[in-house]
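Protein chains: 2
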Amino acid sequence: MNFSIKDVARTAGVSVATVSRVLNNSDKVTEETRWKVLRAVETLGYVPNYSAKSLRTNFSRGIGLVISHDVDYFITFPYFSEFIRGMGQTLSGTDYHLVMVMSTDSRDDISSHLRAFERKVVGGVVLFDVMDNDKRIPVLKKYKVPFVVVGRPSLDEDYLYVDSDNVKGGMIATEHLFKIGCKRVLFINGPKGHSASRYRLNGYLKAHKKFGVQVDKKLIIYVKSDSDMKNGYEIVKSSIGQIKFDGIFVSGDFMATGAIKALKDSGIRVGRDIPVVGFDDVPIASMVSPTLTTVKQPIKDIGKAAASTLVDVMNGRNATSKVFDVSLVIRQSTSREG
Amino acid sequence: MNFSIKDVARTAGVSVATVSRVLNNSDKVTEETRWKVLRAVETLGYVPNYSAKSLRTNFSRGIGLVISHDVDYFITFPYFSEFIRGMGQTLSGTDYHLVMVMSTDSRDDISSHLRAFERKVVGGVVLFDVMDNDKRIPVLKKYKVPFVVVGRPSLDEDYLYVDSDNVKGGMIATEHLFKIGCKRVLFINGPKGHSASRYRLNGYLKAHKKFGVQVDKKLIIYVKSDSDMKNGYEIVKSSIGQIKFDGIFVSGDFMATGAIKALKDSGIRVGRDIPVVGFDDVPIASMVSPTLTTVKQPIKDIGKAAASTLVDVMNGRNATSKVFDVSLVIRQSTSREG
DNA sequence: TTGTACGCGTTATCAA
DNA sequence: TTGATAACGCGTACAA
Chain A
1 MNFSIKDVAR TAGVSVATVS RVLNNSDKVT EETRWKVLRA VETLGYVPNY SAKSLRTNFS
61 RGIGLVISHD VDYFITFPYF SEFIRGMGQT LSGTDYHLVM VMSTDSRDDI SSHLRAFERK
121 VVGGVVLFDV MDNDKRIPVL KKYKVPFVVV GRPSLDEDYL YVDSDNVKGG MIATEHLFKI
181 GCKRVLFING PKGHSASRYR LNGYLKAHKK FGVQVDKKLI IYVKSDSDMK NGYEIVKSSI
241 GQIKFDGIFV SGDFMATGAI KALKDSGIRV GRDIPVVGFD DVPIASMVSP TLTTVKQPIK
301 DIGKAAASTL VDVMNGRNAT SKVFDVSLVI RQSTSREG
Chain B
339 MNFSIKDVAR TAGVSVATVS RVLNNSDKVT EETRWKVLRA VETLGYVPNY SAKSLRTNFS
399 RGIGLVISHD VDYFITFPYF SEFIRGMGQT LSGTDYHLVM VMSTDSRDDI SSHLRAFERK
459 VVGGVVLFDV MDNDKRIPVL KKYKVPFVVV GRPSLDEDYL YVDSDNVKGG MIATEHLFKI
519 GCKRVLFING PKGHSASRYR LNGYLKAHKK FGVQVDKKLI IYVKSDSDMK NGYEIVKSSI
579 GQIKFDGIFV SGDFMATGAI KALKDSGIRV GRDIPVVGFD DVPIASMVSP TLTTVKQPIK
639 DIGKAAASTL VDVMNGRNAT SKVFDVSLVI RQSTSREG
């Protein structure tokens, strides 16, 4: 039931070399032989064996996404899902496929990436969840593994990346809160050391400068591990009474949902008393109540760009890094009417 | 930088056959030669080439998950994310890897699965999002593609599946609503034809029988396409005033979130006026307000079982289908105090 | 323009 | 217990 290139050759009455040439539309073949071959492929339902292809060409069409065991809950974040969806849309209809490697290594260990590449399970990798000066990058370079980074973890940007404009994001979120009268904006940022956290903080500070507001470092809080809803809930819960604030900027909608719940549970009116701005604009943002004002990132587009950039690199085409614009989506959580 | 088995053999002073034997701990080898080989592997940092392995053995360690282009948003559902996470946890530390194939075919087209299998990109597939009497199943059987089904789409269960007890789920959800005084429970079910929808309806009907409540077919609504939050919102919105109901059972937390929002937007108090029960118990269920009473499915466990079952099948071991228990998690959305 | 023949890295068969 | 070697399906250098 599984035909090989030989069967096609025999059926078409040509040599395997010719079949190969037609299938990889290389070299010259007459229209007639091309037609004969394609007809044979069709009748047999021939499907090329990618293992053989990969072995022969030393090239794999697997797009690697390595996920460390200890942070596998990352998969469940709406941001990540949407990102993968974007990659999928780019890869759809191509011969490339997404390979998720679940490693037992810790998140900053590159060996799983390397192994997957050497095994030819993947032909390149997407590096996400990157830290400042991520140590994995130089290693990938050293071993010549094609890769693309989601985010910008270092200043000497000597690698390909796709990112959204986090500085602008942090800025417009904070600005919006200032504009509606906030003076002391609590900033629940992502984990310290994460590149996105740094850029967003930058934007937050910029907005302060622009509006002539003094920065109070006590208002800047980093979540310990990765951002999730519980963090948002607990941080706000414990901040109430401890720190004075009249607005909240949360680095992630999921967390913001938790923050809002904490306010509500404390009898504080979201919007009227304390406005809240999130980040990402994932689907739940428009379904929670109050609906969430947030910084919209084109996550799907970032995923698409990551995939196409990586494929380009894998094929030796030159590609360029991209930074995507963000925008503020104003909803109920910053409405003073609420 | 990429060593082959030959290099290992040369370094260890043995033949490639011996190296292969050691690496696949087949056959007999003396402790001494085994040690020599392993040492050589270690020093060279040898990593086997899976393409070659796959070519030779006609076996692929890719666990296939085919996603149709037209329903790719499925990826973003919390249920799916958690499911993948479960699979990942089982696969972590093994040589198997998850392969997501984005197809351009429609969802009931099996050809992408077949192609991925014939290409040896995957060695088996997970079939999810199945319909009653899914036509893909007999085809997979015919072509001897190892597979496992998530759900139970047909009565002659002549295939391996993992599922949760949807009948019980539908039953305990409805029962709970009856117990707190509801008489007319609006049931927003998944799409018609989906196997899970059928089982949950079954449970819904059973509860009616048990409590001696007449079933009003007008109260049973199927979402058109796949369940999402908007469906929940719009269905409830348009039902208010049209149909009399005093409780809602929604087949999915995401949709339930939409349903709750619709009630709130209409000035109806969730819980006190109209209690709502969801399904799944995804993370947002405990973060929305009111928090959501829901049927908890062990989604991650289902994912784990799907992966391990498929690996068993791929290796010719015999495996058994599994049905996972569900339970009711009572929260605020069914509290009369709310 | 087309065909022959080799080799990619691995496993399995057969001899030794 | 170990080694030599054929074969898996494919692409390509070289020959025709």
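Heads up: the protein sequence lines correspond to chains A and B, in order.
End of the first sequence sits at 338 in the working numbering; the numbers just go up one at a time, nothing left out.
End of the second sequence sits at 676 in the working numbering; the numbers just go up one at a time, nothing left out.
Where a beta carbon is used, it is the ideal one built from N, C-alpha and C, also for glycine.
Next on the checklist: Quick check: the stretch 597-608 of chain B against the stretch 622-634 of chain B, are at least 3 beta-carbon pairs closer than 8 Å?
Outcome noted: yes
Next on the checklist: If you reduce the DSSP assignment to three classes, tell me which class Lys-634 (chain B) lands in.
Outcome noted: Counting from one through the second sequence, the residue named residue 634 (chain B) turns up at place 296. In the structure shown, Lys-634 (chain B) sits in a strand (DSSP, three-state: E or B).
Checklist entry - Is the Cβ-Cβ distance between Arg-107 (chain A) and Ser-68 (chain A) less than 7 Å? => result Taking the first sequence and counting its residues from 1, one reaches residue 107 (chain A) at position 107. Taking the first sequence and counting its residues from 1, one reaches residue 68 (chain A) at position 68. Yes, the pair counts as a contact, with Cβ atoms nearer than the cut-off.
Item to check | Where Pro-636 (chain B) meets chain A, residues with beta-carbon distance less than 8 Å | outcome: As a working mapping, residue 636 (chain B) is identified with position 298 in the second sequence. Those do not exist, as Pro-636 (chain B) stays about 15 Å from chain A at its closest Cβ, beyond 8 Å.
Checklist entry - What whole-angstrom Cβ distance do Gly-203 (chain A) and Val-126 (chain A) have, given they're in contact under 8 Å? => result If you number the first sequence from 1, residue 203 (chain A) lands on position 203. If you number the first sequence from 1, residue 126 (chain A) lands on position 126. With 8 Å as the limit, Gly-203 (chain A) and Val-126 (chain A) do not qualify as a contact, their Cβ atoms being about 25 Å apart.
Item to check | chain B contacts made by the stretch 87-111 of chain A, where a contact means CB separation under 8 Å | outcome: Gly-88, Gln-89, Leu-91, Ser-92, Gly-93, His-97, Leu-98, Val-99, Met-100, Val-101, Met-102, Ser-103, Thr-104
Next on the checklist: So with CB distances below 7 Å, who are the chain B contacts of Gly-47 (chain A)?
Outcome noted: Numbered from its first residue, the first sequence carries residue 47 (chain A) at position 47. A small correction: the amino acid at residue 47 (chain A) is Val; Gly does not occupy that position in the sequence shown. Neighbours of Val-47 (chain A) on chain B, chain order: Arg-453, Glu-456, Arg-457.
Item to check | Closer than 7 Å to chain A by CB, His-407 (chain B) | outcome: Residue 407 (chain B) sits at position 69 when you count from the first residue of the second sequence. So, interface residue.
Item to check | Residues of its chain near Pro-48 (chain A), where Cβ-Cβ distance is below 8 Å and the 5 sequence neighbours each way are ignored | outcome: Within the first sequence, residue 48 (chain A) is the residue found at index 48, counting from 1. Cβ neighbours of Pro-48 (chain A) beyond the five flanking positions: Ile-5, Leu-23.
Checklist entry - Name the chain A residues that come within less than 9 Å of Ser-627 (chain B), Cβ to Cβ? => result The residue given as residue 627 (chain B) occupies position 289 in the second sequence. Neighbours of Ser-627 (chain B) on chain A, chain order: Ile-260, Lys-261, Lys-264, Asp-265, Val-288, Ser-289.
Checklist entry - Buried or exposed: where does Lys-479 (chain B) fall if 16 or more other Cβ atoms within 10 Å of its Cβ makes it buried? => result The sequence position of residue 479 (chain B) within the second sequence is 141, counting from 1. Exposed: under 16 other Cβ atoms inside 10 Å.
Item to check | Close Cβ partners of Val-553 (chain B) (< 7 Å) along its chain, the five nearest in sequence each way excluded | outcome: As a working note, residue 553 (chain B) is residue 215 in the second sequence. Only Leu-543, His-546 meet the Cβ criterion.
Checklist entry - How about Met-567 (chain B): is its C-beta nearer than 7 Å to some C-beta of chain A? => result Looking up residue 567 (chain B) in the second sequence gives position 229. Output row for Met-567 (chain B): interface = yes.
Checklist entry - Taking Cβ positions only, does Ser-54 (chain A) come closer than 7 Å to chain B? => result By one-based count along the first sequence, residue 54 (chain A) stands at place 54. Output row for Ser-54 (chain A): interface = yes.
Checklist entry - Would you call the stretch 158-165 of chain A and the stretch 344-353 of chain B touching, i.e. three or more CB-CB distances under 8 Å? => result no
Checklist entry - Alpha carbon to alpha carbon, what distance is there between Phe-279 (chain A) and Lys-517 (chain B)? => result Indexing the second sequence from 1 puts residue 517 (chain B) at position 179. Indexing the first sequence from 1 puts residue 279 (chain A) at position 279. About 41 Å.
Next on the checklist: For Glu-420 (chain B), would you say it is in contact with chain A, using Cβ-to-Cβ distances shorter than 7 Å as the test?
Outcome noted: Within the second sequence, numbered from 1, the residue matching residue 420 (chain B) stands at position 82. Cβ-Cβ to chain A under 7 Å: yes for Glu-420 (chain B).
Item to check | DSSP-derived helix/strand/coil call for Leu-436 (chain B) | outcome: For the purposes of this step, residue 436 (chain B) is taken as residue 98 along the second sequence, with counting starting at 1. Strand at Leu-436 (chain B).
Item to check | Pro-613 (chain B) vs Gly-585 (chain B) beta-carbon contact at 7 Å | outcome: Counted from its first residue, the second sequence places residue 613 (chain B) at position 275. Counted from its first residue, the second sequence places residue 585 (chain B) at position 247. For Pro-613 (chain B) and Gly-585 (chain B), yes; Cβs fall inside 7 Å.
Checklist entry - With 7 Å set as the bound, which would you pick, yes or no: does the beta-carbon of Asp-7 (chain A) sit closer than that to a beta-carbon of chain B? => result Your numbering for residue 7 (chain A) matches position 7 in the first sequence. Asp-7 (chain A) does not count as touching chain B.
Checklist entry - Residues of chain A with CB under 9 Å from Ile-413 (chain B), in chain order? => result Stepping through the second sequence from its first residue, residue 413 (chain B) is reached at position 75. Here the neighbours are Ser-81, Glu-82, Ile-84, Arg-85, Gly-88.
Checklist entry - By how many angstroms is the C-alpha of Thr-356 (chain B) removed from the C-alpha of Val-122 (chain A)? => result Taking the first sequence and counting its residues from 1, one reaches residue 122 (chain A) at position 122. Taking the second sequence and counting its residues from 1, one reaches residue 356 (chain B) at position 18. Looking at the two C-alpha atoms, the distance is approximately 28 Å.
Next on the checklist: For Phe-558 (chain B) and Phe-415 (chain B), I'd like the C-alpha separation in whole angstroms.
Outcome noted: Counting from 1 along the second sequence, the entry for residue 558 (chain B) is found at position 220. Counting from 1 along the second sequence, the entry for residue 415 (chain B) is found at position 77. Before going on, a small fix: residue 558 (chain B) reads as Ile here, not Phe. Going by the C-alpha atoms only, they are around 23 Å apart.
Checklist entry - Considering Leu-219 (chain A), what are the terminal residues of the alpha helix (DSSP H) in which it resides? => result Stepping through the first sequence from its first residue, residue 219 (chain A) is reached at position 219. No alpha helix (DSSP H) contains Leu-219 (chain A), which DSSP labels as neither H nor E.
Item to check | Contacts around Tyr-537 (chain B), its chain only, beta-carbon distance under 6 Å, and the 5 residues preceding and following it disregarded | outcome: Residue numbering aside, residue 537 (chain B) sits at position 199 when the second sequence is read from its first letter. Same-chain partners within the cutoff: Asn-504, Val-505.
Checklist entry - Per DSSP, Ile-188 (chain A) forms a beta bridge with which residues? => result Here residue 188 (chain A) refers to the residue found at position 188 of the first sequence. Partner(s): A:Ile-221, A:Val-250.
Checklist entry - For Val-8 (chain A) versus Ala-40 (chain A), is the C-beta spacing smaller than 7 Å? => result Here residue 8 (chain A) is taken as the residue at index 8 of the first sequence, counted from 1. Here residue 40 (chain A) is taken as the residue at index 40 of the first sequence, counted from 1. Against a cut-off of 7 Å, the Cβ pair of Ala-40 (chain A) and Val-8 (chain A) comes out as a contact.
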